[in-house]
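Q: Quick one: this structure, given as structure tokens, is what I'll be asking you about.
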Amino acid sequence: MNQHLVVFVKVVDLKSFSQAAEQLHMTQPAVSQYIQSLERLMGVKLLDRTSKMVRLNKAGEIVYHHAVEILGLYSRMQSLVDDLSNTASGTLSIGASYTFGEHVLPHIIAKLSKQYPHIKPTITIGNTKEISDLVRNHQLDIGIVEGNFNQRQLSVENFAEDLMYIFTSAEHPFTQLEMITAAELKEETWIVREVGSGTREAAEKMFVSFGFIPVKVLEFGSAQLIKESVEAGLGITLLSQWATQKELSLGTLSIVNIQGMPIRRKFSIVTHSATFQTKAMEVFKKIAQTSIV
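1 is the number of the first residue of the sequence shown in full-length UniProt numbering; add one for each residue after it.
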């Protein structure tokens with residue numbers, strides 16, 4: 001059954017029998033046989049197939065969702081058994097929200113790979129809600145997120161503090177002022193992240209604490225796009241110190257001086273509450289915790 005699920009998930013992910021066959025080092029007829037066999041076992045068709053595409057039907061969506069979870073549990077089980085007699089090794093699926101994942105995680109992975117070359121990490125970047133949901137559904141071994149999120153079925157460990165500032169372009173009039181008022185901030189165009197992002201949550205809390213609703217808000221799904229838009233003079237934003245170190249050193253972004261800043265927020269390591277900790281997970285957590293001081 002395990003190989004049936006492996007083939008099925010690969011076909012769905014790639015939306016192609018031929019590409020799945022290539023990646024699995026199988027013939028296309030063999031892939032088709034596995035899918036047909038799985039459909040017989042389930043007693044229902046799982047895929048709608050045309051000459052151009054492969055698409056899940058309703059039954060297929062149910063099987064795919066549980067197949068991903070089953071394969072994740074199987075991999076974790078194998079890693080735990082291997083841990084009994086071996087050093088930290090095997091696959092480790094790591095998720096992180098954008099701020100941490102794009103600006104801090106690469107340095108942690110570099111240390112992990114140097115110290116534990118037999119661990120094979122895979123990285124998923126998403127917003128806080130997406131990463132916590134993937135950990136909850138056993139699709140990720142471990143996640144690093146910020147802000148509030150549904151903690152059901154998750155073990156949560158706070159491990160790092162981040163500082164957030166209001167940023168403008170280097171040419172913005174605010175850079176000539178010693179101190180800015182909340183009334184002046186209200187009139188600016190604010191560039192914010194999408195709903196579900198920890199950075200968006202922090203911005204909305206800041207608006208409440210300053211007692212205003214921005215006159216104009218632009219929503220972008222990438223910190224990099226936000227930074228470039230602010231540099232171009234499109235608006236102002238709230239971002240992490242981790243996400244802006246390069247721009248500050250180059251002088252393309254400036255920090256706004258206003259009472260009550262910076263905003264402090266916690267980053268957390270999340271794992272599934274019912275999951276045994278593999279050695280790979282334990283060493284990753286240790287490296288992550290000691291890398292942030």
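Yeah, the Cβ is synthetic: ideal placement off N, Cα and C, and Gly gets one too.
By alpha-carbon positions, which one of V230, E188 and A223 ends up nearest to I213?
A: The candidate whose alpha carbon is nearest that of I213 is E188.
Q: What's the C-alpha gap between I144 and G101?
A: When rounded, the distance between both Cα atoms is 8 Å.
Q: So if DSSP puts N158 in a beta bridge, which residue, or which two residues, is it bridged to?
A: DSSP lists S268 as partners of N158.
Q: Please name the residue in V104, L239 and S229 whose C-alpha comes closest to that of A202.
A: Checked all of V104, L239 and S229; the closest Cα to A202 is L239.
Q: Flag this pair as yes or no: are the beta carbons of I191 and E219 separated by less than 9 Å?
A: Contact flag set, yes.
Q: For D48, list the residues DSSP reports as bridge partners.
A: The partner list for D48 (beta bridge, DSSP) reads R55.
Q: Which one or two residues does DSSP pair with L219 in a beta bridge?
A: Rather than Leu, the amino acid found at residue 219 in this sequence is Glu. The partner list for E219 (beta bridge, DSSP) reads V192.
Q: Tell me whether S273 sits in a helix, a strand or coil according to DSSP, three-state version.
A: Three-state DSSP puts S273 in coil, outside helix and strand.
Q: Is the beta carbon of V230 less than 9 Å from the beta carbon of I180?
A: Contact: no.
Q: To the nearest whole angstrom, what separates the beta carbons of H103 and W242, a pair I think is in contact under 8 Å?
A: The pair is a contact, with the Cβ atoms about 4 Å apart (cut-off 8 Å).
Q: Find out if the Cβ-Cβ distance for the pair E130, G221 is shorter than 9 Å.
A: No, Cβ-Cβ distance for E130 and G221 is not below 9 Å.
Q: I believe T99 touches E146 by the beta-carbon criterion, under 8 Å. Please report the beta-carbon distance rounded to the nearest angstrom.
A: With a Cβ gap of about 7 Å, T99 and E146 count as contacting.
Q: Take the Cβ of G251 as the centre, count every other Cβ of all protein chains shown within 10 Å, and call the residue buried at 16 or more, exposed below.
A: Counting Cβ neighbours within 10 Å, G251 comes out exposed, since fewer than 16 surround it.
Q: Less than 8 Å between the CB atoms is what I'm expecting for I119 and L112, so what's the real figure, rounded?
A: With a Cβ gap of about 6 Å, I119 and L112 count as contacting.
Q: Y165 bridges to which residues according to DSSP?
A: According to DSSP, Y165 bridges with L239.
Q: Just the Cα atoms here: how many angstroms apart are K286 and V63?
A: Spanning the two alpha carbons is a distance of roughly 36 Å.
Q: The alpha helix (DSSP H) with E187 in it runs from where to where?
A: Where E187 is concerned, there is no enclosing alpha helix (DSSP H), given that its DSSP letter is neither H nor E.
Q: Is it buried or exposed for N2, if we count other Cβ within 10 angstroms and need 16 for buried?
A: N2 is exposed by the Cβ-count criterion.
Q: Alpha carbon to alpha carbon, how far is I94 from T290? Give it in angstroms, no decimals.
A: So the two alpha carbons sit approximately 17 Å from each other.
Q: Buried or exposed: D13, going by 16 or more other Cβ atoms within 10 Å of its Cβ?
A: Flag for D13 reads exposed.
Q: So what's A170 in DSSP terms, helix, strand or just coil?
A: Of the three classes helix, strand and coil, the one that applies to A170 here is coil, per DSSP.
Q: Between E247, L73, L80 and R49, which lies nearest to V6 when the distance is taken from Cα to Cα?
A: For V6, the nearest C-alpha among the options comes from L73.
Q: Under the three-state reduction of DSSP, which class applies to residue 297: helix, strand or coil?
A: What is shown of the chain runs 1 to 293, which leaves residue 297 out entirely.
Q: Hey, how far is the Cα of I35 from the Cα of Q19?
A: The alpha-carbon atoms of I35 and Q19 are separated by roughly 14 Å.
Q: Of all the options L177, L140 and G198, which has the alpha carbon lying nearest to the alpha carbon of T275?
A: Cα-wise, what sits closest to T275 is L140.
Q: By the DSSP assignment, the alpha helix (DSSP H) with E247 in it spans what residues?
A: Start and end: Q245 to L250.
Q: Around the Cβ of L225, are there at least 16 other Cβ atoms within 10 angstroms (buried) or fewer (exposed)?
A: Flag for L225 reads exposed.
Q: Could you check which residue in R76, K205, S37 and F159 has the C-alpha nearest to that of F267?
A: Checking every option, the nearest Cα to that of F267 belongs to F159.
Q: Would G235 and K216 be called neighbours here (beta carbons separated by less than 9 Å)?
A: Yes.
Q: Mark H65 as exposed unless 16 or more other C-beta atoms lie within 10 angstroms of its C-beta, in which case mark it buried.
A: Looking at its Cβ environment, which holds fewer than 16 other Cβ atoms inside 10 Å, H65 is exposed.
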